[in-house]
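Presented below is the structure to which this report refers.
Residue numbers (the numbering used here), protein chains in the order written: chain A, 176 to 840; chain B, -3 to 445.
Below, the structure is given as structure tokens:
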């Protein structure tokens, strides 16, 4: 097969001399999907922008060749490059909300591409745009073409972006994290759409992602990037069967799932090094547990191993220090932890009964209440001492609102919360429950030092008598979360994302709470760092007997960390049970669809339950079962009545679905 | 003691402001993350050059703020001080102030700009342009003037250049940017030239009552600076407190504050200021016993003008801060503090205020030039500073008649224009550099390293 895109020793650097992309070479054939896999800050997006010659200010292409077919892109002038962009090459960006012009109809935006690259005018443009929108699965395309981006949902906007990219009939599509901002079920739809269009049009796709699951679903060949270099090049089958580079191996090992339940995850210590900080030796050496002297002195070359894969590691070089790779290749550090405490539902630590959080919608001059956003609509749950309850659902289903309502950051509209059997009212329980937030970059005040951040809660709740006592406690907390004691005199901007999340956990622990509400604490972090934080949360649970309410959309984390799961949809819990029950034998159609939408790295044997449409607005929920409009198994009764909780035989596995209402309890 | 220090109200407020700036500088120097944007400012050559120009103005303004009353020659046992309040700047430029001609004279002129009846050698009455009392009196032959001006200019320029080179050599450790060195030398040369020339000539001419226009322009600087800086002392607490409170508490607090500033900003501001100034003027005029010198009365009017300008111009910053606080209050660190039950006042002072400081700083630096211009406009309209106080506005106001005169007197207006332009341009360029350095939305690559 002829090569469509050839990138040879591409180097991109900052004006100050640091190389962001350092000597990247790869090739792509027509109809092939090549995935660039790596953590944030390793240069994936910069590689894509270099190919398109769309580098931001202060970044320049310093060396290397890029050939698209017979054209040498690096020699083209900006005017000629404009012909290529959108015509022979197109790009889809991560955030669909930001990549469409809000003041143009989507039809007009597609028409722009057609006029520029296909010389189409008048009615032909209209017909073709509607055709494209239909092709990407937008129903009622003729009407949708006249709509503005704000009238569309996130998944719909990403489809429009794909339609725009396809309009120029490109030979190469660059997709930069195309599904990262989308929900799992929408992600599955978009990935499938990308696969189908690629098969139909035969274009090549450069897929940039940090998600091993997405790679497993879509890619033919994979380049693993680390600190600006490709460290491993392999086909998907090779990579998933036998990852060669220690970094790739660790990435796999760091993925949480049910098999590793009960073990600590093999987290990679440290962080991705800052650009240009390592000048000598292998860039992964400081984090690699199999590095030896040579690794720190000499940078390994990308080296072809028998079988066709290429890897940048001294372990595989013929002269590689005499290490036996077969003995070490699959060795993973796994420490069995003590058995988890059994869930004890007789004596719950926290009990929530029929909690509702409604936000009024006000309109008009007099601000009259015209409706309610039913963010949380009658949720009951209980968490036992020392256990973890995972709350799973897509964005907008009210899971974060529920977490905040427990801490009274939102005022609940109705319902009761009991802590150790006592009804909670007002602020009296601040030292019992605390919260760990999603974004470690937004949850620490950038103008306060770590010691001040940690002391704030203690001071507010009058814990510790004087400053000295609190400082001692702060030292203890920093030890607990694995940070150096002297870091308390520093400011948050000096820490990486993972370290910041440790600080956020230490802040919550400062007032010795019994329950932590963790609101997606790892979703803003890289896979390797995510594993560190999950390990920390588990060891803290064992050490301190904490209970967690773990809010997440990442089902793999649920299997690793939680004993019980509640699945939430549109403000209500639709299924609950132990992790085993819900993850292995889901009963609610929504849970089944959710589980099947998650891209699995083992790939095989997955039965995909396609879910049409998107979650409706909680301001205007559908009558009856909120899931009925999207449910593949909906019946007449579903749109009439919201089903009651039906329990299966064991009594722990409950589901709210009419499919099971008829069954005897 | 041969003089008595006088601290006028505006002087006291300036000292307060300086103390606040010094305290803030000490605070910032100790914290590296606060120093970072200032280091970025120091790396920009535009910022350094405009700061250099501004600092010349600032030094003149500060010297002009140290007021005193000189002792009169004694004839009794009691010490008597002159009713005239002078400043350190007046003492420094002594002759410039005291060399007053009879009326208008053009720049570098040797003669007055108006004919007078004089008796010539034959004792005939002739109408002639009389020689100036001070300007160029050292010249025996009037034809030598051009040569003499050139010579003095060159000598002054050389001396100034020399001083500039020496100064930049002294500063070579701290500042290495070539743009700054060039600007320093050029500025020093310019100052040297003007200083040397002004010793013998009226470089910018004289005004209606014969006062040196260069002296007037230099004295106007203090008025402009005071209006530009002291007004912020009034604006800042109002805008900061109300804006942050409106954004954080929302609900009825937000409604009340929003209504106040919407109403205030829908009244034409000149009208509002004129009404307030006229009222204040009447109050001051009916209580002459409150002030012991005319300078202190004029000064009180200046301070009152700052107060009025401040009370009418806080709305813009307030609106800006409200918006920023609305954004900040949704940040997770604020919610984390709320989860600990931290009090609202503490959240405002510990979490929100430090995070809006960059906006305040940018707004203040940008407002400065607007206020200097506002003073000129108000004084022109006649509702600005006291007519006895020298300011750009009063100079321009005077030019109203001068421009209609035949032949026209252009130099007062021109020098007020040039001085104000340089001051405001330098302030604007500096404000731009500060904005760039503090704006978090600008992409920077240095932060990642």
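Beta carbons: idealized from backbone N, C-alpha and C, even for Gly.
- Contact between residue 594 (chain A) and residue 607 (chain A) holds: CB atoms are separated by about 6 angstroms, below the 8 angstroms threshold.
- Rounded to whole angstroms, the gap between the alpha carbons of residue 377 (chain B) and residue 33 (chain B) is 40 angstroms.
- Buried is the label assigned to residue 725 (chain A), since at least 16 other Cβ atoms lie within 10 Å of its Cβ.
- In the structure shown, residue 398 (chain B) adopts helical secondary structure according to DSSP, grouped into three states.
- When secondary structure is reduced to three states using DSSP, residue 821 (chain A) falls in the strand class.
- Linking residue 359 (chain A) to residue 756 (chain A) through their CA atoms gives a straight-line distance of about 21 angstroms.
- Shown here for residue 479 (chain A): same chain residues with a beta carbon closer than 6 angstroms to its own, the five before and five after excluded, namely 485 in chain order.
- Taking 8 angstroms as the cut-off, the beta carbon of residue 379 (chain A) is found closer than this to the beta carbon of residue 206 (chain A).
- Pairing residue 404 (chain A) with residue 658 (chain A), the inter-Cα distance amounts to about 29 angstroms.
- Among the residues of chain B, none has a CB under 8 angstroms from the CB of residue 411 (chain A); the nearest is roughly 32 angstroms distant.
- In this chain, the alpha helix (DSSP H) harbouring residue 577 (chain A) covers 574 to 581.
- If you look at residue 188 (chain B), you'll find it in the alpha helix (DSSP H) that goes 174 to 194.
- Taking a cut-off of 8 angstroms on C-beta distances, the stretch 258 to 267 of chain A touches the stretch 280 to 295 of chain A, as three or more cross pairs fall below it.
- Rounded to the nearest angstrom, the Cβ distance from residue 394 (chain B) to residue 204 (chain B) is 7 angstroms, consistent with a contact under 8 angstroms.
- Here residue 114 (chain B) is bridged, per DSSP, to B:122.
- Note: residue 233 (chain B) is not bridge-paired with any residue in the DSSP secondary-structure output.
- By the Cβ-count criterion, residue 299 (chain A) is exposed, with fewer than 16 other Cβ atoms from all chains shown falling within 10 Å of its own Cβ.
- At a Cβ-Cβ threshold of 8 angstroms, residue 562 (chain A) and residue 687 (chain A) do not count as neighbours.
- Short of 7 angstroms from the beta carbon of residue 295 (chain B), and not among the five residues preceding or following it, lie these beta carbons of its own chain, in chain order: 4, 5 and 6.
- Around the Cβ of residue 165 (chain B), a 10 Å sphere holds fewer than 16 other Cβ atoms; the residue is exposed.
- Counting every other CB atom within 10 Å of its CB across the protein chains shown gives residue 446 (chain A) a total of 16 or more, marking it as buried.
- Close CB contacts of residue 79 (chain B) within its chain, under the 7 angstroms cut and outside five residues either way in sequence, are with 289 (chain order).
- Residues 121, 122, 123, 124 and 126 of the same chain have their beta carbon placed closer than 8 angstroms to that of residue 114 (chain B), with the five preceding and five following residues left out of the count.
- One finds 666 and 668 in chain A with Cβ atoms closer than 7 angstroms to the Cβ of residue 29 (chain B), taken in chain order.
- Of all alpha-carbon atoms in A:195, A:460, A:835 and A:250, the one lying nearest the alpha-carbon of residue 749 (chain A) is that of A:835.
- Annotation for residue 222 (chain A): the continuous alpha helix (DSSP H) segment containing it runs 219 to 227.
- Look at the stretch 193 to 206 of chain A: the residues with a C-beta under 8 angstroms from a C-beta of chain B are 193.
- For a Cβ distance threshold of 7 angstroms, residue set 336 of chain B lies close to residue 632 (chain A), ordered along the chain.
- Taking a C-beta cut-off of 9 angstroms against chain B, the contacting residues of the stretch 599 to 610 of chain A are 602, 605, 606, 608, 609 and 610, listed in chain order.
- In terms of beta-carbon proximity, residue 207 (chain B) stays away from the interface with chain A, with every pair separated by 8 angstroms or more.
- When rounded, the separation of the alpha-carbon atoms in residue 304 (chain A) and residue 279 (chain A) is 14 angstroms.
- Around the C-beta of residue 802 (chain A), 16 or more other C-beta atoms lie within 10 Å, and the residue is accordingly described as buried.
- Among the residues facing chain A, residue 347 (chain B) is included, as its CB has a counterpart in that chain under 8 angstroms away.
- The beta carbon of residue 539 (chain A) sits closer than 8 angstroms to those of 545, all from its chain and outside the five residues before and after it, given in chain order.
- For residue 191 (chain A) and residue 358 (chain B), the gap between their C-alpha atoms comes out near 28 angstroms.
- Interface annotation, residue 331 (chain B): in contact with chain A, CB-CB separation under 8 angstroms.
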